[in-house]
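Asker: Numbering-wise, our numbering puts -1 at position 9 of the sequence shown, and it's gapless, one number per residue. Backbone N, C-alpha and C define an ideal beta-carbon position, used for all residues, glycine too.
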Amino acid sequence: VLRALRDAGADVARFKASAAGVGGAAADALLDCAAEQLGEAVGLRVAAEIPLGALGPVDYALSTSATVREGLHRLSRYYGVATERVEVCVLESPLAGLELIRNPAVRHSRHWIEFSLALITGRLRACVGSAMKLDGVHFAHAAPSSTAEHEAFFGAPVAFGRPSDRLLFSPALLDRSLRTAAPVLVETLETKLDEIESAARGDPIVRRARQAIADALGRETIAVDVVARRLAMSRRSFQRHLAERGTSFRDMVDDIRRARAQRLLEDRKWSTVEIATALGFADTGAFFRAFRRWTQGQTPRKRRSRT
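1. For residue 265, which residues of its own chain have a beta-carbon under 8 Å away from its beta-carbon, when the five flanking residues on both sides are left out?
2. For residue 285 versus residue 176, is the C-beta spacing smaller than 7 Å?
3. What ranges does the alpha helix (DSSP H) occupy inside the region 136 to 186, keeping only unbroken runs of at least 4 residues that lie completely in it?
4. Could you give the C-beta distance for residue 195 and residue 243, rounded to a whole number, given that I count them as a contact under 8 Å?
5. For residue 125, which residues of its own chain have a beta-carbon under 7 Å away from its beta-carbon, when the five flanking residues on both sides are left out?
6. Have a look at the DSSP bridge pairing and note the partners of residue 57.
7. What is the DSSP secondary structure of residue 196, reduced to helix, strand or coil?
8. Hey, out of 261, 57, 33, 199, whose CA is closest to residue 106's CA?
9. Hey, could you find the ends of the beta strand (DSSP E) residue 207 is sitting in?
10. Can you round the beta-carbon distance between residue 52 and residue 113 to whole angstroms, since I take them to be within the 8 Å contact cut?
11. What is the DSSP secondary structure of residue 88, reduced to helix, strand or coil?
12. At the level of alpha carbons, what is the spacing between residue 18 and residue 102?
13. With respect to the beta strand (DSSP E) encompassing residue 32, which residues constitute its N-terminal and C-terminal limits?
Structure representation (structure tokens):
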């Protein structure tokens, strides 16, 4: 990214990268600084200059997959290796795509969010070819003075001020084969990513399970058998593994719902009915009861009034 910005003519001499990369806050400041010099669409321009493979194992985890669906789920699973500032959730219906879930504890530069979705779009186009058409792009931040460059880059309508950051496309594309698929490399890459993830973020099976739950939340039935199958484990082995690490499937679902509820309540565009649905509750009553349990008796409305 630093090299691409320098090549584009931005004065970013005060920013330095270590072997570990550029930290989150510094990365935000880097693109904000560059945007003042190169224009509001700087994130899109830089993403177009980052070649496939430059992000290392995370790039290859997507590109070596057999299909778009498999690649996105693998990207979702391992995105935490690259950053803890956002989570990636895969969407499968009514439109397919992916969603970035912003960590509310940190500030997010609009340019870095745009860079992230533009980079993923570029990866999908490189892996699929001209058939990779987007139906829409959503950003949670406000629109720039002109959106022409955004719509030209994504080749689709781009909406701003939406509840979340999303790429959307036809569900039929999920089964599209990747022309970069390399089955012989998948196992090796996953082993390497598991090692990196385990060193940085703890047990990879717990991490994968939490990501699978987050992906399904509000979109499909969350069941222990489904998640165990996605992890290629039996129900019994999966539950035993969680118990050995001091947690359970029910506890993980509850924890993910609680964290997601806190994030969505901070965004006043979401009604409590919409939040209950997004968390996979059958009705608002079930959501309210769970929320009171999480907060020692507070209601969602009272918690929202404090934010």
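Answerer: According to the data block:
1. 251, 254, 255, 277, 290
2. no
3. 138 to 144
4. Wrong, their Cβ atoms sit about 16 Å apart, outside the cutoff.
5. Only 85, 146, 158, 159, 160 meet the Cβ criterion.
6. Listed as beta-bridge partners of residue 57 by DSSP are 167.
7. helix
8. 33
9. Segment: none, residue 207 is in no beta strand (DSSP E) and carries neither H nor E.
10. 6 Å
11. strand
12. 6 Å
13. Taken as a continuous stretch (DSSP letters only), residue 32 belongs to no beta strand (DSSP E), being part of the alpha helix (DSSP H) at 32 to 37.
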